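S.K.: Below you will find the structure I want to go over with you.
Residue numbers (mature numbering (1 follows the signal peptide of the UniProt record, and there is no 0)): -20 to -1, 1 to 642.
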């Protein structure tokens, strides 16, 4: 029997190693083949399956972070990708949006975020790189503002990323405050896959986790730090807008000018003036401006204090130990009060000026000055100077040739009585009105003089007008009189800048000791209270000579065996101390020694000697023919007579010397 057989066989074979990147790791691919045929003579196909063939998909992790910087590997500035470029000011916050995509076949992946940072050509690299999730962008504008950053928590990993899933994140850092204009710097978010703990989702070891670090961004620094400080409401000091005169808290009128100054006219009783100065941030980023002030031309003891507009002390808000006005936004202004205090009536030196400086904390080389001026009443009084208002504090002595000067000292007579005339000494002076209004100045002085015969004498200083300016008191030159009726001689009205040359005269008593007499002199305005003292003028009293000692004997005639008593008185008749003073006498011929004793009006121990070198407090008991006796007073108590022993003017050493006529 013949049979007809029709066979249709469809065999599908599985490719066990074939994968698609999108197939999840761990997926098992199952494949079954079959044979299909129709038996001969039959009409119904018959299917016969093969055995199952399975393939498990292996993990192939990969991911990307975009946008890429599109340049060469590493930090190449500027970044080629325009979306990764910013122009920012130092201290501002750089925010860049990145996207991480899981391009592998492993689900539920996690990635660590770290950073590379760099700066071009010495630019400082960022040091505070942080990462935030896209969820921190609460207003969905694809960036983060300061409030959103403050409210968010930084992240260091991104997790739960499935195949082909994208997760956005922000890289944030602060542009270094030290960066200078035009510098370029940036940061690179580096992603590193973390091991996946899911079963079958981690490639077999050894295995290097994939990373992505080709994402540098570029910040180009736009730094314009600048400050201005000027008079009230006029930071640049150019008079625009015009600030009208205003009144300080002390009631003093202050007038701003277009020359970056403002001037206060002090009155007679003014001891303080408070200026208002205006600071402005003319840079392009927030800045803290330190305020300092220096005084020139003010009297000694003047001070300056910096205050807030509410008159409380200006404080240091940025920790650099210098007071400041706090942080100012670009274009913002702030007022600072500058209070200058000074002694009323003090002598100015030039124009009293408070120079106020505003200095940028962002860049201390950026600063600006303004000047606050005070017109003070002024007075010059003292030694003659080449021009009005010359320095009266220059140490000086009376003019050469004037009695009482080093070249011509006063030498009192050796004998003075109550009827002895005084000796006049003169000193040349001048007085000038350095104030801004006419003024009258009282002039007075005293001189304390040591006297050899009694207590010190306080002598008045009398003043005369040196009409011919020869620095000497000439006949007919008028004395100063009391024109304002207060009992003190004065200059009469002096116009601003006017100068009057004077002669100061002191009448020195005849009994003055050798000394340097210092004149204590004062010029003072009874109207403004301005006062200057002159205490460097001196008068020199020279030393007079010591007179011969006196010697007496008690008998004009004597017989052999009679005792003669000699009295020797040595007295310091000069007007200065003498040292190492002693009296001496020799045993007369044809006599023999009996005794020798001494007393003194000086305080100390009487010492004796027979050779002038060896001294003792013991009395002399014997003396050979022709011998000599000595007596001195040991005022310094060192057991000998030397230059440390002083005999003051008028003090005496008296010796009693007894001998017998042979």
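All C-beta atoms, glycine included, are put in the ideal place defined by N, C-alpha and C. All figures in this text were calculated on a predicted structure; none of them were measured in a lab.
For residue 158, which residues of its own chain have a beta-carbon under 6 Å away from its beta-carbon, when the five flanking residues on both sides are left out?
M.R.: Contacts found: 104.
S.K.: Go ahead and label residue 381 buried or exposed: buried means 16 or more other beta carbons lie within 10 angstroms of its beta carbon, across all protein chains shown.
M.R.: Its Cβ having fewer than 16 others within 10 Å, residue 381 is exposed.
S.K.: Using the beta-carbon count (16 or more within 10 Å), is residue 350 buried or exposed?
M.R.: The residue in question, residue 350, is buried, as its Cβ has 16 or more Cβ neighbours within 10 Å.
S.K.: Does the distance from the C-beta atom of residue 153 to that of residue 135 stay below 8 Å?
M.R.: No, the Cβ-Cβ distance between residue 153 and residue 135 is not below 8 Å.
S.K.: Taking residue 607 as the reference, give the member of 622, 596, 591 with the closest Cα.
M.R.: When only C-alpha atoms are compared, the closest one is 591.
S.K.: Measure the C-alpha to C-alpha separation of residue 282 and residue 514 and round it to an integer number of angstroms.
M.R.: Taking the straight line from one Cα to the other gives about 20 Å.
S.K.: Nearest to residue 224 by CA position, among 494, 230, 234, is which residue?
M.R.: With distances taken between Cα atoms, residue 224 lies closest to 234.
S.K.: Just the Cα atoms here: how many angstroms apart are residue 335 and residue 474?
M.R.: Each residue's Cα considered, the two are about 31 Å apart.
S.K.: Measure the C-alpha to C-alpha separation of residue 109 and residue 195 and round it to an integer number of angstroms.
M.R.: The alpha-carbon atoms of residue 109 and residue 195 are separated by roughly 14 Å.
S.K.: Whole angstroms is fine: what's the gap from residue 558's alpha carbon to residue 626's?
M.R.: Taking the straight line from one Cα to the other gives about 6 Å.
S.K.: Note down the Cα distance separating residue 138 from residue 297, rounded to an integer number of angstroms.
M.R.: Distance between the alpha carbons of residue 138 and residue 297 is about 39 Å.
S.K.: Please list the terminal residues of the continuous beta strand (DSSP E) segment that includes residue 116.
M.R.: Careful: residue 116 lies outside any beta strand (DSSP E) and carries neither H nor E.
S.K.: Flag residue 485 as yes if its beta-carbon sits less than 8 Å from any beta-carbon of chain B, otherwise no.
M.R.: The structure shown contains no chain B; it is built from a single protein chain.
S.K.: State buried or exposed for residue 119, treating a residue as buried only when at least 16 other CB atoms are found within 10 Å of its CB.
M.R.: Exposed, since its Cβ has fewer than 16 Cβ neighbours within 10 Å.
S.K.: Can you find the residues in the same chain that come closer than 8 Å, C-beta to C-beta, to residue 644, ignoring five residues on each side of it along the sequence?
M.R.: As displayed, the chain neither begins before -20 nor continues past 642, which places residue 644 out of reach and without an answer.
S.K.: Who are the near neighbours of residue 588 in its chain, counting only those whose CB is closer than 8 Å to its CB and skipping five residues on each side?
M.R.: Hits under 8 Å: 576, 578, 595, 596, 597, 598, 599, 600, 609, 610, 611.
S.K.: With a cut-off of 8 Å, do at least 3 Cβ pairs link the segment 265 to 284 to the segment 298 to 315?
M.R.: Touching, yes, given that three or more Cβ pairs across the two stretches are closer than 8 Å.
S.K.: If we call anything under 8 Å between Cβ atoms a contact, is residue 88 one with residue 142?
M.R.: Yes. Within cutoff.
S.K.: Applying the 10 Å Cβ sphere with the 16-neighbour rule, what's the burial state of residue 635?
M.R.: It counts as buried.
S.K.: Could you tell me which whole beta strand (DSSP E) segments of length 3 or greater appear in the segment 297 to 333?
M.R.: Listed in chain order, the complete beta strand (DSSP E) runs (minimum 3 residues) inside the segment 297 to 333 are 304 to 308, 313 to 321.
S.K.: Could you give the DSSP three-state label for residue 64: helix, strand or coil?
M.R.: It is helical.
S.K.: Quick one: measure Cβ to Cβ for residue 293 and residue 315, integer angstroms, because I've assumed they're closer than 8 Å.
M.R.: Actually they are not in contact, since the Cβ atoms of residue 293 and residue 315 sit about 15 Å apart, beyond 8 Å.
S.K.: Could you tell me the alpha carbon to alpha carbon distance between residue 96 and residue 45, rounded to whole angstroms?
M.R.: Distance between the alpha carbons of residue 96 and residue 45 is about 14 Å.
S.K.: Might you give, ordered along the chain, the residues of its own chain that have their beta carbon closer than 7 Å to the beta carbon of residue 622, omitting 5 neighbours on each side?
M.R.: Counting only Cβ-Cβ distances below 7 Å, and skipping sequence neighbours, we find 560.
S.K.: Tell me whether the beta-carbon of residue 632 lies closer than 8 Å to the beta-carbon of residue 549.
M.R.: Yes.
S.K.: In chain order, what are the residue ranges of uninterrupted beta strand (DSSP E) at least 3 long that sit wholly in the segment 162 to 240?
M.R.: The segment 162 to 240 contains these whole beta strand (DSSP E) runs: 164 to 173, 198 to 201, 207 to 211, 233 to 236.
S.K.: What is the DSSP secondary structure of residue 457, reduced to helix, strand or coil?
M.R.: Note: residue 457 maps to coil in three-state DSSP.
S.K.: In three-state DSSP terms, what is residue 135?
M.R.: Coil at residue 135, not helix or strand.
S.K.: With DSSP as the reference, please indicate the residues paired to residue 464 in a beta bridge.
M.R.: Beta-bridge pairing links residue 464 to no other residue.
S.K.: List, from N- to C-terminal side, the alpha helix (DSSP H) runs of 4 residues or more that fit wholly inside the segment 389 to 428.
M.R.: The qualifying runs do not exist here; there are none.
S.K.: I'd like the span of the beta strand (DSSP E) that includes residue 271, first residue to last.
M.R.: Segment 267 to 276, the beta strand (DSSP E) holding residue 271.
S.K.: Using the C-alpha atoms, what's the distance from residue 287 back to residue 302?
M.R.: Whole-angstrom Cα-Cα distance: 13 Å.
S.K.: Apply the 10 Å Cβ neighbour rule to residue 140 and answer buried if 16 or more other Cβ atoms are within range, or exposed otherwise.
M.R.: Under this definition residue 140 is an exposed residue.
S.K.: Out of 339, 240, 228, which one is the CA nearest neighbour of residue 272?
M.R.: Checking every option, the nearest Cα to that of residue 272 belongs to 339.
S.K.: Return the CA-CA distance between residue 641 and residue 602, expressed in angstroms with no decimal places.
M.R.: So the two alpha carbons sit approximately 16 Å from each other.
S.K.: Should residue 99 go down as buried or exposed, given a rule of 16 or more other Cβ atoms within 10 Å for buried?
M.R.: Buried, since its Cβ has 16 or more Cβ neighbours within 10 Å.
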